[in-house]
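Here's the structure, in structure tokens; my notes come after.
2 protein chains.
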Amino acid sequence: MALLAVGSVALDSLETPFGQRDEVLGGSACYFSAAASFFGPTRVVAVVGEDFPQAHLDFLASRGVDLAGVVRKPGRTFRWKGRYEFDLNTAHTLDTQLNVFADFKPDLPAAYRDSEYVFLGNIDPELQRAVLDQVRAPRLVACDTMNFWITSKRESLEKTLRRVDLLFVNDAEARQLSGEHSIVKAAARILAMGPRALVIKRGEYGALYFSGREVFAASAYPVPDVFDPTGAGDSFAGGFMGYLARARDESPLAMRRAVVVGSVLASFAVEQFSLDRLRTLTADEIRGRYAEARQLAHFDDLEPDVLEARR
Amino acid sequence: MALLAVGSVALDSLETPFGQRDEVLGGSACYFSAAASFFGPTRVVAVVGEDFPQAHLDFLASRGVDLAGVVRKPGRTFRWKGRYEFDLNTAHTLDTQLNVFADFKPDLPAAYRDSEYVFLGNIDPELQRAVLDQVRAPRLVACDTMNFWITSKRESLEKTLRRVDLLFVNDAEARQLSGEHSIVKAAARILAMGPRALVIKRGEYGALYFSGREVFAASAYPVPDVFDPTGAGDSFAGGFMGYLARARDESPLAMRRAVVVGSVLASFAVEQFSLDRLRTLTADEIRGRYAEARQLAHFDDLEPDVLEARR
Chain R
83 MALLAVGSVA LDSLETPFGQ RDEVLGGSAC YFSAAASFFG PTRVVAVVGE
133 DFPQAHLDFL ASRGVDLAGV VRKPGRTFRW KGRYEFDLNT AHTLDTQLNV
183 FADFKPDLPA AYRDSEYVFL GNIDPELQRA VLDQVRAPRL VACDTMNFWI
233 TSKRESLEKT LRRVDLLFVN DAEARQLSGE HSIVKAAARI LAMGPRALVI
283 KRGEYGALYF SGREVFAASA YPVPDVFDPT GAGDSFAGGF MGYLARARDE
333 SPLAMRRAVV VGSVLASFAV EQFSLDRLRT LTADEIRGRY AEARQLAHFD
383 DLEPDVLEAR R
Chain Z
83 MALLAVGSVA LDSLETPFGQ RDEVLGGSAC YFSAAASFFG PTRVVAVVGE
133 DFPQAHLDFL ASRGVDLAGV VRKPGRTFRW KGRYEFDLNT AHTLDTQLNV
183 FADFKPDLPA AYRDSEYVFL GNIDPELQRA VLDQVRAPRL VACDTMNFWI
233 TSKRESLEKT LRRVDLLFVN DAEARQLSGE HSIVKAAARI LAMGPRALVI
283 KRGEYGALYF SGREVFAASA YPVPDVFDPT GAGDSFAGGF MGYLARARDE
333 SPLAMRRAVV VGSVLASFAV EQFSLDRLRT LTADEIRGRY AEARQLAHFD
383 DLEPDVLEAR R
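Sequences listed follow chains R and Z, in order.
Count along the first sequence from 1, then add 82; that gives the number in my numbering.
Count along the second sequence from 1, then add 82; that gives the number in my numbering.
Next comes the structure, spelled out in structure tokens:
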């Protein structure tokens with residue numbers, strides 16, 4: 083399926099109302115590729131330090147992830163430390179240590195250059211373009227970004243946006259990027275910046291998809307216990323892109339299915355710390371929750387005579 | 083259809099980022115009955131003061147609302163003054179003048195006592211029960227409440243909840259009432275308090291419906307310009323109950339349609355100040371937006387072979 087992802091490989095330290103974990107596996111490229119792995123392999127471009135546990139790479143490899151583009155450099159691995167409040171919606175960054183990530187220059191193995199589906203994880207928009215420059219003829223390019231790049235590298239981000247087909251952002255990022263509070267207007271502005279499709283992730287509420295005149299709203303699967311929201315967005319993107327690359331179908335209905343698959347993968351990812359839930363997840367569970375999502379959203383036509391005719 | 087509603091009739095003064103209005107028509111009974119009027123008449127129990135403009139009552143009467151239970155008392159009408167921030171999600175109450183509402187003792191006209199569908203708007207839970215005591219054999223009783231009653235009259239509220247079939251609350255109220263942060267757990271706790279069904283309204287995100295093992299998630303119609311969120315919840319309840327009372331169907335699918343109808347009515351109500359959008363709204367517009375809601379939420383089955391078999 084030739085799906086390529088660039089992003090971070092990290093050691094995360096997390097505090098949530100349900101407990102804490104130190105230096106567990108994290109990073110956008112890991113969540114993305116593990117989620118996508120249920121549909122096929124992902125080629126990963128990333129950097130780790132000398133201290134990065136081989137067991138984590140072995141886990142990803144066991145999921146069929148192609149690690150030829152993961153380079154090990156002298157120094158320490160990228161570390162992120164965050165804390166979530168009771169409502170679990172907002173991550174407070176306590177500490178970021180870029181380490182080997184500071185000098186990350188994505189260099190694609192020759193075998194990656196024919197990738198058709200490309201996911202540019204949340205990294206410097208300049209590096210996102212550097213990856214794109216090395217891919218011969220991508221069929222669909224998606225990217226993620228965050229408030230930091232919107233504020234500090236807007237021009238560079240806009241350059242990247244002109245070259246991508248699909249953008250993943252959350253509500254707040256969509257509003258910040260567009261300068262519009264109304265999500266409908268924000269979507270229209272962002273689509274005018276380049277991408278032909280836009281996914282707005284809304285956490286526990288679900289996701290909106292905009293493309294041309296298409297609008298699709300997927301409700302999130304109501305998870306009884308959210309343990310750790312870290313990586314939900316990347317798991318969403320991994321499910322979404324993994325599905326698309328496997329289905330090789332970009333029809334409006336396929337894009338809708340991709341949104342729901344993304345939402346399903348994110349709903350699993352948050353049920354345990356780090357990537358732990360993705361380790362035990364099975365194809366049958368994904369199929370089952372997709373079916374539940376259909377049932378969750380199902381309703382039928384209004385009876386034609388139920389509205390007062392005279393009004 | 084014999085739908086009865088008790089609630090407030092108010093003169094609202096509003097400040098939103100889009101402008102302000104002084105002493106415009108408001109109150110839960112007005113939004114509710116105007117929204118329900120597209121499906122049939124509502125019998126309203128409420129109180130107004132000597133200063134309440136006859137034109138507002140004439141408007142409701144023109145919509146087929148039964149005002150036999152609206153009494154005019156010496157004194158001034160209930161007034162509420164509120165302000166919305168840029169995000170329009172939270173109302174800040176600037177001033178509340180109960181006026182004639184302070185001594186409101188709901189007294190049902192004899193002709194109202196056979197009402198089958200009852201909506202107990204957001205008033206003192208004791209008064210909600212006083213209304214129920216006067217209804218002979220209600221078929222379906224729904225109620226609304228708010229943080230104020232949850233905090234200050236919890237025991238009384240719990241008494242009311244044991245007598246209602248359906249509760250409408252928002253996210254925050256569901257969490258406060260149940261003491262659970264997880265919406266799924268909150269719903270289970272609230273259903274154990276009495277109601278056999280629960281609607282959790284989530285503003286711009288939509289609504290969740292819980293009953294037994296049934297869970298339904300409706301996404302809100304994405305409104306490009308929200309002008310005034312006042313009354314959205316009551317318009318939702320009015321559409322929901324108006325539809326149910328007209329359809330006389332409480333099957334799981336009918337309840338789902340009711341949630342979507344409620345969501346559609348709320349989406350119109352917020353497009354203009356006060357009840358203004360409900361004044362010009364037509365049955366065709368409601369039908370049209372319901373059809374759009376179906377399109378908005380539509381997706382189909384996952385291809386059976388798209389997941390990796392070995393994983």
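Glycine included, every Cβ here is placed at the ideal spot set by N, Cα and C.
Residue i versus the options, residue with shortest Cα-Cα distance
i, options, result
"residue 205 (chain R)", "R:139, R:152, R:188", "R:188"
"residue 161 (chain Z)", "Z:90, Z:144, Z:378", "Z:90"
"residue 175 (chain R)", "R:148, R:98, R:156", "R:98"
"residue 312 (chain Z)", "Z:107, Z:140, Z:87", "Z:107"
"residue 166 (chain R)", "R:198, R:244, R:145, R:352", "R:352"
"residue 368 (chain R)", "R:121, R:92, R:88", "R:121"
"residue 316 (chain R)", "R:374, R:258, R:225, R:147", "R:225"
"residue 134 (chain R)", "R:235, R:262, R:105", "R:105"
"residue 308 (chain Z)", "Z:148, Z:159, Z:168", "Z:168"
"residue 141 (chain Z)", "Z:129, Z:127, Z:128, Z:116", "Z:116"
"residue 365 (chain Z)", "R:370, R:390, R:380, R:366", "R:390"
"residue 291 (chain Z)", "Z:337, Z:305, Z:274", "Z:337"
"residue 152 (chain R)", "R:129, R:276, R:282", "R:129"
"residue 258 (chain R)", "R:229, R:305, R:114, R:143", "R:229"
Beta carbon of residue i nearer than 8 Å to that of residue j
i, j, result
"residue 318 (chain R)", "residue 347 (chain R)", "yes"
"residue 335 (chain Z)", "residue 350 (chain Z)", "no"
"residue 302 (chain Z)", "residue 287 (chain Z)", "yes"
"residue 272 (chain R)", "residue 260 (chain R)", "yes"
"residue 170 (chain R)", "residue 332 (chain R)", "no"
"residue 256 (chain R)", "residue 345 (chain R)", "no"
"residue 150 (chain Z)", "residue 123 (chain Z)", "no"
"residue 203 (chain Z)", "residue 137 (chain Z)", "no"
"residue 310 (chain Z)", "residue 284 (chain Z)", "no"
"residue 194 (chain R)", "residue 125 (chain R)", "yes"
"residue 23 (chain Z)", "residue 300 (chain Z)", "Nothing can be reported for residue 23 (chain Z), as the shown portion of chain Z is limited to 83 through 393."
"residue 88 (chain Z)", "residue 119 (chain Z)", "no"
"residue 388 (chain R)", "residue 328 (chain Z)", "yes"
Beta-carbon contacts of residue i that lie in its chain and below 8 Å, excluding the five residues immediately before and after
i, result
"residue 212 (chain Z)", "187, 188"
"residue 241 (chain Z)", "207, 211"
Contacts around residue i, its chain only, beta-carbon distance under 7 Å, and the 5 residues preceding and following it disregarded
i, result
"residue 343 (chain R)", "321, 322, 325, 372"
"residue 196 (chain R)", "84, 218"
"residue 239 (chain Z)", "207, 227, 231, 232"
"residue 278 (chain Z)", "247, 293"
"residue 376 (chain R)", "none"
"residue 132 (chain R)", "154, 156, 157"
"residue 243 (chain Z)", "249, 275, 276, 277"
"residue 113 (chain Z)", "313, 316, 317, 320, 351, 357"
"residue 72 (chain R)", "With chain R covering 83 to 393 only, the question about residue 72 (chain R) has no answer from this structure."
"residue 262 (chain Z)", "268, 271"
Distance between residue j and residue i (C-alpha atoms, nearest Å)
i, j, result
"residue 96 (chain R)", "residue 102 (chain R)", "5 Å"
"residue 383 (chain R)", "residue 339 (chain Z)", "8 Å"
"residue 86 (chain R)", "residue 385 (chain Z)", "23 Å"
"residue 200 (chain R)", "residue 249 (chain Z)", "47 Å"
"residue 109 (chain Z)", "residue 215 (chain Z)", "23 Å"
"residue 180 (chain R)", "residue 139 (chain R)", "19 Å"
"residue 354 (chain Z)", "residue 363 (chain Z)", "11 Å"
"residue 266 (chain R)", "residue 245 (chain R)", "22 Å"
"residue 94 (chain R)", "residue 182 (chain R)", "15 Å"
"residue 220 (chain R)", "residue 330 (chain R)", "13 Å"
"residue 378 (chain R)", "residue 298 (chain Z)", "5 Å"
"residue 184 (chain Z)", "residue 234 (chain R)", "55 Å"
"residue 100 (chain Z)", "residue 143 (chain Z)", "30 Å"
Spatial neighbours of residue i in its chain, beta-carbon cut-off 6 Å, leaving aside the 5 residues before and after
i, result
"residue 296 (chain Z)", "334"
"residue 177 (chain R)", "163"
"residue 314 (chain R)", "348, 351, 352"
"residue 92 (chain Z)", "108, 109, 160, 162"
"residue 172 (chain Z)", "none"
"residue 237 (chain R)", "none"
Paired residues, beta bridge with residue i - DSSP
i, result
"residue 298 (chain Z)", "Z:291"
"residue 279 (chain Z)", "Z:248"
"residue 201 (chain Z)", "Z:87, Z:224"
"residue 97 (chain Z)", "Z:102, Z:165"
"residue 129 (chain R)", "R:153"
"residue 148 (chain R)", "R:125"
"residue 177 (chain Z)", "Z:163"
Cross-chain neighbours of residue i in chain B, by beta carbon under 8 Å
i, result
"residue 140 (chain R)", "Annotation note: the requested chain B is absent from the structure, which comprises protein chains R and Z."
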